[in-house]
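Engineer: Following this message is one structure expressed as structure tokens.
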Amino acid sequence: MLAALGPMAPSDIAVRAGLDRSRTSKALMALLAKKLVERQELAGDRRRATVNLTADGQALYARIFPRVVEINTSLLSVLSSEDVATMERVLPLLRRQAIGIANSDLVEAQAHRRRGGSLKIWKGGR
Numbered sequence: 001m002l003a004a005l006g007p008m009a010p011s012d013i014a015v016r017a018g019l020d021r022s023r024t025s026k027a028l029m030a031l032l033a034k035k036l037v038e039r040q041e042l043a044g045d046r047r048r049a050t051v052n053l054t055a056d057g058q059a060l061y062a063r064i065f066p067r068v069v070e071i072n073t074s075l076l077s078v079l080s081s082e083d084v085a086t087m088e089r090v091l092p093l094l095r096r097q098a099i100g101i102a103n104s105d106l107v108e109a110q111a112h113r114r115r116g117g118s119l120k121i122w123k124g125g126r
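Heads up: the sequence shown begins at 1 in UniProt numbering, then just goes up one per residue.
Listed below in structure tokens is the structure:
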């Protein structure tokens with residue numbers, strides 16, 4: 001997204017990518033450590049910042065993105081144009097539904113690994 005849209009706030013990246021902010025923050029920290037992105041604080045407020053690709057990040061993107069396009073094109077090559085259009089229409093609906101389910105009480109809280117994980121829950125134990 002940074003390559004296509006330019007500098008943006010981490011929270012904007014999270015929203016556009018459909019990720020939670022903590023996952024986005026972890027990914028950005030890894031990219032910062034590898035010097036693939038840089039963080040620029042906004043004047044007067046150190047809590048607010050934008051991130052952007054570094055020259056190394058841009059070079060990596062330029063090298064890898066054509067291969068990603070090739071893989072995606074190959075993956076979709078078995079589908080008709082109607083099938084692709086249906087996927088483009090249906091996947092956002094499924095994504096919204098999955099988010100709604102994840103945020104509902106239908107899905108229990110994350111398994112507590114030290115108390116037997118989710119296997120106890122699914123077998124009826126608590």
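Ideal placement from N, C-alpha and C gives every residue a C-beta, glycine not left out.
Just verifying my parser: in three-state terms, what is the DSSP assignment at N72?
Structural biologist: Assigned with DSSP and collapsed to three states, N72 falls in helix.
Engineer: Is residue 127 buried or exposed, if buried means 16 or more other CB atoms sit within 10 Å of its CB?
Structural biologist: Outside the displayed span of the chain (1 to 126) sits residue 127, for which this structure offers no information.
Engineer: Just to confirm the assignment, what range does the alpha helix (DSSP H) spanning L28 have?
Structural biologist: Its alpha helix (DSSP H) spans residues R21 to A33.
Engineer: Does the Cβ-Cβ distance between L42 and A49 come in under 8 Å?
Structural biologist: yes
Engineer: Taking only three categories from DSSP, how would you classify A43?
Structural biologist: coil
Engineer: For E76, I'd like the list of residues in its chain whose CB is within less than 8 Å of its CB, leaving aside the five on either flank, ordered along the chain.
Structural biologist: In the sequence under discussion, the amino acid at residue 76 is Leu, which differs from the Glu named in the question. Cβ within range, chain order: V84.
Engineer: Out of curiosity, what's the CA-to-CA distance linking P7 and R39?
Structural biologist: Rounded to the nearest angstrom, the two C-alpha atoms are 9 Å apart.
Engineer: Would you call G18 buried or exposed, if buried means 16 or more other Cβ atoms sit within 10 Å of its Cβ?
Structural biologist: exposed
Engineer: What first and last residue would you give for the alpha helix (DSSP H) that runs through A17?
Structural biologist: P10 to A17
Engineer: Buried or exposed: which applies to L91, given that a residue is buried once 16 or more other Cβ atoms fall within 10 Å of its Cβ?
Structural biologist: Answer is exposed; the Cβ neighbour count stays below 16.
Engineer: Using the three-state DSSP reduction, which class does L53 fall into: helix, strand or coil?
Structural biologist: strand
Engineer: Buried or exposed: G100, going by 16 or more other Cβ atoms within 10 Å of its Cβ?
Structural biologist: exposed
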